[in-house]
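Data block below; observations after.
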Amino acid sequence: MVYQVYPRSFADSDGDGIGDIPGITSRLDHLAALGVDAVWLSPVYVSPHVDNGYDIADYQAIDPVFGTLEDLDALIAAMHERGMRLVMDLVVNHTSDEHPWFVASRDPANPKRSWYFWRPGRPDPDGGPGATLPPNNWSSVFLGSAWEQDAGGSYYLHSFAAKQPDLNWGEPAVREAIYSMMRWWLDRGVDGFRMDVINLISKPEGLPDAPGGPTAGNQLEMVVGDPGLHTYLAEMRREVFDRYPDRTFLTVGEMLAVTPEQAVLVTDPERRELDMVFQFEHVDVDHGQLGKYDPQPLDLRDLKASLARWQVALAERGWNSLYFNNHDQPRAISRWGDTSQYWRESATLLAGVLHMHRGTPFVYQGEEIGMTNYPFARIEEYRDIEAARAYEVATALGLPSELILGTMAKMSRDNARTPMQWDGEAHAGFTTGQPWLPVHLNHLWLNVADQVEDADSVLSFYKRLIALRKSEDVLTTGTFTLLEPDHKQLWAFLRADERDRLLVLANFSDDELGIPDGDAFTGLDGGRLLLGNYPDGGAPGPLRPWEFRAVYL
Ligand code: TEU
2 MVYQVYPRSF
12 ADSDGDGIGD
22 IPGITSRLDH
32 LAALGVDAVW
42 LSPVYVSPHV
52 DNGYDIADYQ
62 AIDPVFGTLE
72 DLDALIAAMH
82 ERGMRLVMDL
92 VVNHTSDEHP
102 WFVASRDPAN
112 PKRSWYFWRP
122 GRPDPDGGPG
132 ATLPPNNWSS
142 VFLGSAWEQD
152 AGGSYYLHSF
162 AAKQPDLNWG
172 EPAVREAIYS
182 MMRWWLDRGV
192 DGFRMDVINL
202 ISKPEGLPDA
212 PGGPTAGNQL
222 EMVVGDPGLH
232 TYLAEMRREV
242 FDRYPDRTFL
252 TVGEMLAVTP
262 EQAVLVTDPE
272 RRELDMVFQF
282 EHVDVDHGQL
292 GKYDPQPLDL
302 RDLKASLARW
312 QVALAERGWN
322 SLYFNNHDQP
332 RAISRWGDTS
342 QYWRESATLL
352 AGVLHMHRGT
362 PFVYQGEEIG
372 MTNYPFARIE
382 EYRDIEAARA
392 YEVATALGLP
402 SELILGTMAK
412 MSRDNARTPM
422 QWDGEAHAGF
432 TTGQPWLPVH
442 LNHLWLNVAD
452 QVEDADSVLS
462 FYKRLIALRK
472 SEDVLTTGTF
482 TLLEPDHKQL
492 WAFLRADERD
502 RLLVLANFSD
512 DELGIPDGDA
522 FTGLDGGRLL
532 LGNYPDGGAP
542 GPLRPWEFRA
552 VYL
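Going by my numbering, 103 is the number at position 102 of the sequence shown; the sequence numbering is gapless.
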């Protein structure tokens, strides 16, 4: 089980309102008690923080806001003492524009010019003399053209913000610099990497226009699936991980728009590329035609079908990661659960369903206590560059501000980034200073301290669930079969091996739900309950609102 720490928001040790590395070290007992095997730490490197550290200006130094290299060494040692491993975030599709490599590359005569994608513009037929258009029609994931013009007139490519220029992986010196930086971290004791948007590193020759209009992220269509990715990942394996034959590492590649077929290629152990990918299909099922900021009510059938499709596709070769939450997603409980009457039940149901799939589960900080979206109301409350860009673009299109703000409140990434709720005291025990993002008022009753002692809490449920993944072989290696795919409220599936058959049932509704007839469900009443999310266990009979049950048949 991997736990994601978003350092800005986890624990602040020095009262500046921003979480830091000593803060994480001081909270390791919480993670150990939860049963965490590895921590994925979002970026802590030197950064101007336009994208909260996903814009790196020095890969081999810790940003002073988070602490020092000594603090990180101490964190690694404290984690290893507790049997936990540390996986760092590796953001190498792009750097910050303040990285010395990029600064050097601004000079056309500098050898580092080829480390980034510098291109002349295209003549602009409608512009004045010398006027140019960007080199192609690619659009940034954060909206607007993916090209920024420099003072000299040339353009550089940025798949994300203008302050996040894309590195040119086609340049061998770039790859060697990255591999050497990775080895430097492994030498410090780091146990692996979560690789940010790693399937964007190989760009098609000539950077051709994307078909269709310049919609946000249209270049993905051109970049995702580029076969060069596999060459680079194989080279990385040889040049980095294979240099440490006596150690084992965890590697997870975040891959936008990845298909199950590509994921099999990347995660097939025989091909030795990566252990897992983070795919996006299931967290996009409620996006409307206009994408993320056009959220639609969830049709449970789509979510079930998406997870099942990946379970089946990676059953023989490859391995799935399992997640509903991370620092880029609104809180799953606010999105797909019930945050009022059935808050506890829906938080535990979502956890139970996810963790009983086959794959490696990821828990995002605060998820283990059922943290919810923040009631954002005004644009000034947001800190995320993506939110700012979306607001700017939507306002320019003339959309009414209440509409934009209403949508942003549902979908913004800042929902996941409000401070961790440790207790019911001032600022939820996160900081003694002014937190960089507001603390949710519900910390008064929704916090770690209150849940630690309560055997029926969300936190206690997560602990039981995580322990089961280590004791029940059928959860690790059993086959997966989705049942009742067309049911709109029931999520049911079977995990099975030669010895056991485990039936998993979840009622995604506020109403009581009868168990369908059908062969798959026979034996349920006499079965042995492995885990349920109602304090009295799983009484036979209909499922209660948001009830989760896993039963050995
Ligand atoms: O995310 C990739 C990414 O594209 C996300 O930004 C996602 O599309 C978006 O959140 C949907 O709204 C990674 C990081 O996880 C993210 O935090 C960074 O902003 C991004 O890369 C750039 O490094």
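We put the CB at the ideal spot given by N, CA and C, even for glycine. Keep in mind that this is a model prediction, so the values were computed, not measured.
Endpoints, alpha helix (DSSP H) assigned at residue i
i           : result
residue 345 : 344-356
residue 63  : Per DSSP, residue 63 belongs to no alpha helix (DSSP H); it is in the beta strand (DSSP E), 59-63.
residue 162 : Counting along the chain, residue 162 falls outside any alpha helix (DSSP H), and DSSP gives it neither H nor E.
residue 197 : First-last for residue 197: undefined, no H or E at that position.
residue 277 : Segment 277-279 is the beta strand (DSSP E) holding residue 277; no alpha helix (DSSP H) there.
Reference residue i; option with closest CA among the options
i           : options            : result
residue 121 : 156, 327, 522, 526 : 156
residue 46  : 37, 60, 39         : 60
residue 412 : 310, 100, 292      : 292
residue 319 : 117, 359, 330, 331 : 359
residue 449 : 416, 193, 420      : 420
residue 523 : 271, 409, 35, 503  : 503
residue 1   : 353, 288, 330      : Residue 1 falls outside the range modelled here, since the chain spans only 2 to 554, and no answer is possible.
residue 144 : 234, 408, 74, 397  : 397
residue 554 : 175, 280, 475, 26  : 475
residue 250 : 89, 280, 460       : 89
residue 161 : 388, 115, 24       : 388
residue 203 : 217, 213, 231      : 231
Buried or exposed by the 16-neighbour rule on C-beta atoms within 10 Å, applied to residue i
i           : result
residue 138 : buried
residue 82  : exposed
residue 207 : exposed
residue 1   : The structure shown does not extend to residue 1, since the chain is modelled only from 2 to 554, so the question has no answer here.
residue 455 : exposed
residue 342 : exposed
residue 290 : exposed
residue 44  : buried
residue 113 : buried
residue 312 : buried
residue 463 : buried
residue 403 : exposed
residue 508 : buried
residue 415 : buried
Range of the contiguous beta strand (DSSP E) that encloses residue i
i           : result
residue 442 : Premise fails: residue 442 is in no beta strand (DSSP E) and is neither H nor E.
residue 296 : 292-296
residue 42  : 39-42
residue 362 : 361-365
residue 238 : Premise fails: residue 238 lies in the alpha helix (DSSP H), 229-240, not in any beta strand (DSSP E).
residue 180 : Looking at the DSSP string, residue 180 is not in any beta strand (DSSP E); the run it does join, the alpha helix (DSSP H), is 173-188.
residue 550 : 549-553
residue 118 : From DSSP, residue 118 is part of no beta strand (DSSP E); its letter is neither H nor E.
residue 224 : Per DSSP, residue 224 belongs to no beta strand (DSSP E); it is in the alpha helix (DSSP H), 221-224.
Three-state class that DSSP yields for residue i in the structure shown
i           : result
residue 530 : strand
residue 152 : coil
residue 489 : coil
residue 383 : coil
residue 255 : strand
residue 101 : helix
residue 555 : Residue 555 lies beyond the range of the chain shown here (2 to 554); nothing can be said about it.
residue 376 : coil
residue 508 : strand
residue 517 : coil
residue 90  : strand
residue 207 : coil
residue 107 : coil
residue 502 : strand
residue 430 : helix
Closer than 7 Å: residue i CB and nearest the ligand TEU heavy atom
i           : result
residue 60  : no
residue 275 : no
residue 55  : yes
residue 381 : no
residue 414 : yes
residue 224 : no
residue 247 : no
residue 47  : no
residue 257 : yes
residue 159 : no
residue 142 : yes
residue 328 : yes
residue 92  : yes
residue 293 : yes
residue 198 : yes
residue 287 : no
Contact with chain B by residue i, beta-carbon distance below 8 Å
i           : result
residue 523 : The chain inventory of the structure shown lacks chain B, comprising one protein chain alone.
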